[in-house]
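Per full-length UniProt numbering, the sequence shown runs over residues 1 to 153.
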Amino acid sequence: MTGKTWAYEDFVEGVSLDLGSKAVSAAEIIEFASEFDAQPMHLDEEAGKASILGGLSASGWHTCAMFMRMLCDAFLLDSTSQGSPGIEHVKWKKPVLAGDRLTGKVTVLAKRQSKSRPQLGLVSMRSELFNQSGECVFELENTGMFLTREAAA
1 MTGKTWAYED FVEGVSLDLG SKAVSAAEII EFASEFDAQP MHLDEEAGKA
51 SILGGLSASG WHTCAMFMRM LCDAFLLDST SQGSPGIEHV KWKKPVLAGD
101 RLTGKVTVLA KRQSKSRPQL GLVSMRSELF NQSGECVFEL ENTGMFLTRE
151 AAA
């Protein structure tokens, strides 16, 4: 892990980290749904329009997967991450439709060092994705586990 930019010490309570942006295509919505969530509104534009979602819509699980890719690319792959003990909550607040452009941010809510494993820090975060209109479409809260800089050396 030597040389990772983000260690436990680098997370500051209240600071937001930019996740960049991602365009969502109809092809990727259909590809994900075909394998993992084959409901009609995720597979067919007309079925999506006929649903309460209003168009070809990404599965909520696809939205989670897109978020995870954005998180990895933004900083997680360049960190001392040791995973997560779980998700406190995830909310799919609005449909993610074909043609949307998602942007995201992660806000550090709290942090503490583990008492039983002092080389490990726990960072509580709220993550959000927004569509091109600035509407929040996704919200997730979780705790990430990160090695301290000393432990990673």
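Ideal Cβ placement from N, Cα and C applies to all residues, glycine included.
Item	Value
Selected residue, minimal CA-CA separation from A98, among S34, E45, E150	E45
Beta bridge counterpart(s) of A23 as assigned by DSSP	R101
C-alpha distance - D78 paired with A50, whole-angstrom precision	43 Å
Sufficient close CB pairs (3 or more, under 8 Å) joining the region 14 to 21 to the region 99 to 116	yes
Where P95 falls, given that 16 or more other Cβ within 10 Å makes a residue buried	buried
C-alpha distance - E150 paired with L53, whole-angstrom precision	48 Å
One or two residues paired with A110 in a DSSP bridge	S124
Where the alpha helix (DSSP H) through residue 167 begins and ends	With the chain represented from 1 up to 153, any question about residue 167 goes unanswered, as that position is not in the structure.
Beta-bridge pairing of T143 - partner residues as DSSP gives them	G86, S124
Backbone secondary structure at S133 - three-state DSSP	coil
Contact belief for L147 with A27 at Cβ below 8 Å, rounded distance in angstroms	Their Cβ separation, rounded to whole angstroms, is 38 Å, which puts L147 and A27 out of contact at 8 Å.
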